[in-house]
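Under the working numbering, think of the first position of the sequence shown as 1120, with each following residue one higher.
Positions of the beta carbon are idealized from the N, C-alpha and C atoms, including for glycine.
Owing to the predicted nature of the structure, the values given are computational and were not obtained by experimental measurement.
This report concerns only the one structure given below.
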Amino acid sequence: MNKCIQCGQADLVPKIVQLDGQVRGEHYTVEMLGLECPRCGYQTIEGPTMPEYRRLLADSYRATYGLLTSEDIRARRKRLRMNQREFAKYVNVGEATIKRAEMGKIQDRHTDEAIRRRTDLVLSATASRIGRTEAIVTSTNGFGAPFLGPDVTHWTLGCAGPALRHNIAPYLASQFVASTRGWGK
Ligand SMILES: [Zn+2]
């Protein structure tokens, strides 16, 4: 067991901890599995989980600035059933860029937009295959979810069949929320 380095009086136990950190000069707090001292409350994480900590911090920053998170990027790639190399080629960025972005390095705007552009079009193509409701979504905006207005999103969520509601609506909703985050700034 790990003795608490702060009070030295107890062993640290596994616990969901809240940790502060900085990304590009801004403060964020992330939650993850770590260790806590039951006596003095000291919290820490283990060395091997540092990359996850940094990724979560980066994701907080990305969420704040309307950028895709590591998980978003991975999910979009997986939906296309591509490995990182295939996906990089498809998006037209370097393979290392995709690898690093999925590990937590914050992608630049250009990369973010390139990924959205390519994967949003796929969403539209998928949509038109599934049925009429989705086809309307496709023809309403040509670019997919980030350009949907509030009414369209609402309508889509309200009228969609089970397949769309289950598979695509949460995605549309998350994209819509992400795309509106920068509004009014
Ligand atoms: Zn302690």
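Cβ distance (whole Å) where residue i is taken to contact residue j below 8 Å
i: Leu1131; j: Glu1155; result: 6 Å
i: Arg1237; j: Tyr1209; result: 6 Å
i: Arg1305; j: Ile1234; result: Residue 1305 lies beyond the stretch modelled for the chain, which goes from 1120 to 1304, so this question has no answer here.
C-beta contact flag for residue i and residue j at 8 Å
i: Leu1186; j: Ile1217; result: no
i: Ile1164; j: Val1136; result: yes
i: Thr1230; j: Ala1220; result: yes
i: Cys1123; j: Tyr1161; result: yes
i: Pro1170; j: Leu1152; result: no
i: Gly1223; j: Ala1177; result: yes
Extent of the continuous beta strand (DSSP E) run through residue i
i: Tyr1172; result: Looking at the DSSP string, Tyr1172 is not in any beta strand (DSSP E); the run it does join, the alpha helix (DSSP H), is 1169 to 1183.
i: Lys1134; result: 1132 to 1142
i: Tyr1147; result: 1145 to 1155
Boundaries (first-last residue) of the alpha helix (DSSP H) holding residue i
i: Thr1216; result: 1214 to 1222
i: Glu1190; result: 1189 to 1198
i: Tyr1209; result: 1203 to 1210
Proximity test, Cβ basis, 8 Å: residue i and chain D
i: Asp1178; result: In summary, chain D is missing from the structure at hand, where a single protein chain is found.
Per DSSP, cross-strand counterpart(s) of residue i
i: Lys1122; result: Asp1130
i: Gln1162; result: Glu1155
Residues surrounding ligand 1 [beta-carbon distance to nearest heavy atom under 5 Å]: Taken from the N-terminal end onward, the list reads Cys1123, Gln1125, Cys1126, Cys1156, Arg1158, Cys1159, Tyr1161.
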